[in-house]
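Residue numbers (my numbering): -13 to 177.
Some notes on the structure that comes next.
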Ligand code: URA
């Protein structure tokens, strides 16, 4: 069986889709994973592409703050994205890019076997629905609840919420995100 480090190394060398031609750095994901929680975003943005690290821009600062609000740091979680390379101009991921990149996220989930997967935004939520056979509902209706699915490697638990970037533009979204993080904190005491 490959290790997480090997998967991260394969991502760094990946040429499976045209995004490798425009990226500065692939962004495999990172985190100490002490509390067994995985956060999945959409795709690297400009700052992440420059640094090769997930959520290091403004949305990342808010994510750090939300984590801290429930007593977590990056040492406690693993943070990654559906796409490991930046779409030019931060456009939405294309279906072909998601298909090409999906085996990496699948391997990361299988290897880490997280207690809880928190999806940030609609792309990560839709990806987990499709991958784990969770009936898809719009994120505005689905968010803030726990969904479970049995897989060949055990039960996967998914908690969808909004993307922190959306909260930078809308205070009502920020309030919901804060509420959802409090729920995550409660869930972690009972899972
Ligand atoms: N937005 C994302 O979805 N992922 C990142 O890593 C940064 C911003």
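The beta-carbon is built from N, C-alpha and C at its ideal position, and this holds for glycine as well.
Sorry if obvious, but does the Cβ on residue i come closer than 7 Å to a heavy atom of the ligand ATP?
i	result
residue 13	This structure lacks the ligand ATP; the ligands present are the ligand URA.
Find out if the Cβ-Cβ distance for the pair residue i, residue j is shorter than 8 Å.
i	j	result
residue 24	residue 98	yes
residue 105	residue 130	no
residue 72	residue 45	no
residue 18	residue 77	no
residue 69	residue 150	no
List the whole-angstrom C-beta distance separating residue i from residue j, where the pair is believed to meet the contact cut-off of C-beta under 8 Å.
i	j	result
residue 102	residue 143	5 Å
residue 89	residue 65	That belief does not hold up - the Cβ atoms of residue 89 and residue 65 are roughly 19 Å apart, past 8 Å.
residue 94	residue 177	Contact doesn't hold; Cβ gap of about 19 Å is too wide.
residue 21	residue 62	4 Å
residue 26	residue 91	7 Å
residue 111	residue 132	At roughly 13 Å, the Cβ-Cβ gap does not stay under 8 Å, so residue 111 and residue 132 are not in contact.
residue 109	residue 79	6 Å
With a CB to CB cut of under 7 Å and the five nearest residues on each side skipped, what residues in its chain are close to residue i?
i	result
residue 114	103, 105, 120 and 144
residue 31	43, 72 and 76
residue 157	none
Need the endpoints of the alpha helix (DSSP H) that residue i sits in, please.
i	result
residue 33	32 to 37
residue 63	Unbroken run through residue 63 is the beta strand (DSSP E), 63 to 67; no alpha helix (DSSP H).
residue 234	Given that the chain is displayed from residue -13 to residue 177, the structure contains no residue 234 and the question cannot be resolved.
residue -7	-10 to -2
residue 163	157 to 176
residue 84	81 to 98
residue 125	125 to 128
Please work out which residues of its chain come closer than 8 Å, Cβ to Cβ, to residue i, disregarding the five sequence neighbours upstream and downstream, and give them in chain order.
i	result
residue 159	148, 152 and 153
residue 164	52 and 55
residue 3	71, 82, 83, 86 and 87
residue 116	122
Quick check: is the beta carbon of residue i nearer than 8 Å to any beta carbon in chain C?
i	result
residue 66	Here chain C cannot be found, since the structure has a single protein chain.
Terminal residues of the continuous beta strand (DSSP E) containing residue i?
i	result
residue 139	Unbroken run through residue 139: none, as it is neither H nor E.
residue 25	23 to 27
residue 58	Premise fails: residue 58 is in no beta strand (DSSP E) and is neither H nor E.
Within its chain, find whatever has a CB closer than 6 Å to the CB of residue i; leave out the 5 residues flanking it on each side and keep chain order.
i	result
residue -2	12
residue 139	96
residue 141	134
Pairs of beta-carbons, one from the region 3 to 11 and one from the region 34 to 41, closer than 8 Å: are there three or more? Under the three-pair Cβ rule at 8 Å, the region 3 to 11 counts as touching the region 34 to 41.
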